[in-house]
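In this note's numbering, the protein residues as written are -12 to 147.
Worksheet: the structure to be examined is printed underneath.
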């Protein structure tokens, strides 16, 4: 019998077979109904990003670097879901974000902001401090909102 397991110290030595890992992420609505899963291939790019961002921010306590988490997700998700996740996660881990969306540093209460600019094709620091510093707040307003005037025009268009 060629395939019979060998007995060593009273134990049978079976051949170890590697079973591939399968990871699937499911996305649920607030009412707990299933939208879809990654394996099913029916999630949009934004839905996949939302699910993965949620998973990354809810678990763990080590530092995390995220480049443009706003990509492919809608403004509602950013404000209603991502901002609260960031506010909660920052209490137990360091979070470094590169973003073009003002909702993230402003509404997630960033503690330190680097406002960057390009001068002659080279990156430079325009301002660096908390948003409670006028220079930093104005730099964020100019870079992320387009300018104070652009911000005010949008505000007026919404009839506030």
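Think of the CB as a built atom: it goes at the ideal place given N, C-alpha and C, for glycine as much as any other residue.
- Ranked by how close their Cα comes to the Cα of residue 70, the residues 48, 37, 102 have 37 in first place.
- In the three-state reduction of the DSSP assignment, residue 91 falls in the helix class, which pools H, G and I.
- Closest in C-alpha terms to residue 131, from the list 47, 92, 116, 117, comes 92.
- The C-beta distance from residue 22 to residue 34 rounds to 7 Å, short enough to meet the 8 Å contact threshold.
- The criterion of a C-beta distance shorter than 8 Å is not satisfied by residue 119 and residue 80.
- The criterion of a C-beta distance shorter than 8 Å is satisfied by residue 114 and residue 126.
- For residue 109, the enclosing beta strand (DSSP E) covers residues 109 to 116.
- Under a 10 Å Cβ-count criterion, residue 88 is classified as buried, with 16 or more other Cβ atoms of the shown protein chains found around its own Cβ.
- Under the three-state reduction of DSSP output, residue 129 falls in the helix class.
- Short of 6 Å from the beta carbon of residue 29, and not among the five residues preceding or following it, lie these beta carbons of its own chain, in chain order: 23.
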